[in-house]
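Letter by letter, the sequence shown follows residues -18 to -1, 1 to 337 of mature numbering (1 follows the signal peptide of the UniProt record, and there is no 0). Glycine included, C-beta positions come from ideal geometry on N, C-alpha and C. One structure below.
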Amino acid sequence: MKALVALILLVQLPIHKAVPAAPPAPLGCDDPESEAAAEVAVNYINGHSHHGYKFALNRIEDIHVVPQGPNKDIIFLELDLLETKCPILSPTPLANCTVRSFAEHAVEGDCDVKLQKVDGILSVIASKCHSHADSSEDILKVCPDCPLLARMNDTEVLETVSAALNDYNSKTTDSYLRLLEIGRAKIQYHPGHVVVTEFAVGATNCSAEEAKANVGACQLLPEDQSNFGFCTAVMVKAPSQDLQVDCQLYGHQVPAPDIPLLSWPGVTYTHPGQDTSAGLAPSAVGVTNHNLGIFHNNPVASESSSSEILRSMLSAKPVAKRAVAEAAQHDKVPRPVGFVPPPPPCPGRIRHFDI
């Protein structure tokens, strides 16, 4: 009997089920964790860009985190970037690079990046980017007299670069410089006719004096001695004529282990014996700016399928849109007088200017 009573009492005891832990609150675009992921992403993008200039973060458009198990998350980022004045070859840290102003005909980059976070360590799995210059109409509304970006294969641009490089090589006592690529150019017609160009160069195995005898024999220095640099040239064509050239060599730099020399900016299409006098990658012919056309998968990361990043990003975006819609519905609830609603979690703040 005592056993039966004990059994009845046991059955009547409340049953406590394990309550699953609440999912973590979604990250906002300006949260420190989001900005840390964006920093890793931007460094990765600049490290794998082969042409043009470094890009800086302007805004985190969206972030979506997918838990993958204990201490592992997959993170999807949508980033807005802006072109800086630092050539991609420059050793200047990105933090010290000045973003090109709106009036200088800014160039914007749009990137989708997939990262993984394992035991607190962030790494990029894949990235997809493209870039474009702001429209001429937008620039002229703000600055009617500002010169616009010119096509990099414009005849006047090519003539200015050639004249500038010849002028520099005729005066230097150091290595003969060869053109790697044209970075950007502008042509101004009023009040004077002026052509402004920027271009990347590389030191060769010839002195400037030796090059006079046989310039065709001058090749870029080998990988263990490579020395790249950057030049700016201003040619005044009217009302008077003048040429000003300034070149800076960066000295030998050791590339990252996963970025061989022939994948460095401006060197991807420079092979022994190939004429680079035009200074144009095939993708740069007829355009005004180098496209940040990166579609890169990290072979070191565990999930590197290019199709996977596209599928995952497409599936993540409707989830983000639903969250925005739910937040909008939530905001319709009556609030006390003086209540200031918090800012939406995404998109984040603009660091420089909207384009």
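Beta-carbon proximity of phenylalanine 210 to leucine 71, cut-off 7 Å: By one-based count along the sequence shown, residue 210 stands at place 228. By one-based count along the sequence shown, residue 71 stands at place 89. It is a contact, given that the beta carbons lie within the stated cut-off.
Range covered by the beta strand (DSSP E) that runs through valine 106: Residue numbering aside, residue 106 sits at position 124 when the sequence shown is read from its first letter. Element bounds for valine 106: 103 to 115.
Glutamine 230 classed as buried or exposed, judged by whether at least 16 other C-beta atoms fall within 10 angstroms: Stepping through the sequence shown from its first residue, residue 230 is reached at position 248. Per the 10 Å Cβ criterion, exposed.
Three-state class that DSSP yields for threonine 154 in the structure shown: Walking along the sequence shown from the start, residue 154 turns up at place 172. Here threonine 154 sits in coil by DSSP.
Cα-Cα separation between isoleucine 164 and isoleucine 42, rounded to whole angstroms: Looking up residue 164 in the sequence shown gives position 182. Looking up residue 42 in the sequence shown gives position 60. Computed Cα separation, rounded: 30 Å.
Cutoff 7 Å; reference proline 221; Cβ partners in own chain excluding five residues on either side: Counting from 1 along the sequence shown, the entry for residue 221 is found at position 239. Counting only Cβ-Cβ distances below 7 Å, and skipping sequence neighbours, we find Gly174.
Contacting residues, own chain, Cβ-Cβ under 8 Å from serine 289 (five flanking each side not counted): Your numbering for residue 289 matches position 307 in the sequence shown. Note that serine 289 scores 40 on pLDDT, short of 50, meaning its location in the model is unreliable and no value can be drawn from it.
Helix, strand or coil at glycine 233 [DSSP, three-state]: Position 251 of the sequence shown, counted from the first residue, corresponds to residue 233. Residue state, collapsed to three classes: coil.
Whole-number beta carbon distance between valine 124 and histidine 334, since they are thought to touch under 8 Å: Here residue 334 refers to the residue found at position 352 when the sequence shown is read from its first residue. Here residue 124 refers to the residue found at position 142 when the sequence shown is read from its first residue. With a Cβ gap of about 15 Å, histidine 334 and valine 124 do not count as contacting.
Meets three-Cβ-pair contact criterion under 8 Å: the region 47 to 57 and the region 98 to 105: yes
Contact under 7 Å by Cβ, valine 106 with tyrosine 232: Along the sequence shown, one-based indexing puts residue 106 at 124. Along the sequence shown, one-based indexing puts residue 232 at 250. Not a contact, by the Cβ cut-off of 7 Å.
Beta-carbon spacing of aspartate 94, arginine 331 below 7 Å: For the purposes of this step, residue 94 is taken as residue 112 along the sequence shown, with counting starting at 1. For the purposes of this step, residue 331 is taken as residue 349 along the sequence shown, with counting starting at 1. The answer is no: Cβ separation not under 7 Å.
Straight-line gap, asparagine 196 to histidine 87 (C-alpha atoms, nearest Å): Residue numbering aside, residue 196 sits at position 214 when the sequence shown is read from its first letter. Residue numbering aside, residue 87 sits at position 105 when the sequence shown is read from its first letter. If you take the alpha carbons of asparagine 196 and histidine 87, they lie about 40 Å apart.
Burial state of valine 236, where buried means 16 or more other Cβ atoms lie within 10 Å: The sequence position of residue 236 within the sequence shown is 254, counting from 1. Under this definition valine 236 is an exposed residue.
Whole-number beta carbon distance between valine 143 and leucine 161, since they are thought to touch under 8 Å: Here residue 161 is taken as the residue at index 179 of the sequence shown, counted from 1. Here residue 143 is taken as the residue at index 161 of the sequence shown, counted from 1. Contact holds; Cβ gap of about 7 Å.
First and last residue of the uninterrupted alpha helix (DSSP H) at glutamate 21: Here residue 21 refers to the residue found at position 39 of the sequence shown. Here the alpha helix (DSSP H) through glutamate 21 covers 14 to 29.
Whether alanine 167 touches asparagine 271 by CB criterion (7 Å): One-based indexing of the sequence shown puts residue 167 at position 185. One-based indexing of the sequence shown puts residue 271 at position 289. Against a cut-off of 7 Å, the Cβ pair of asparagine 271 and alanine 167 comes out as no contact.
Three-state secondary structure assigned by DSSP to valine 48: For the purposes of this step, residue 48 is taken as the residue at position 66 of the sequence shown. Note: valine 48 maps to strand in three-state DSSP.
Interface flag, glutamate 65 vs chain B, CB-CB below 7 Å: Of the protein chains in the structure, only one exists, and it is not chain B.
Proximity below 7 Å, CB of alanine 146 to CB of valine 218: As a first step, residue 146 must be located in the sequence shown, where it is residue number 164. As a first step, residue 218 must be located in the sequence shown, where it is residue number 236. No, the pair does not count as a contact, with Cβ atoms beyond the cut-off.
N- and C-terminal bounds of the alpha helix (DSSP H) containing aspartate 136: On the sequence shown, residue 136 is found 154 positions in, with the first residue counted as 1. Where aspartate 136 is concerned, there is no enclosing alpha helix (DSSP H), given that its DSSP letter is neither H nor E.
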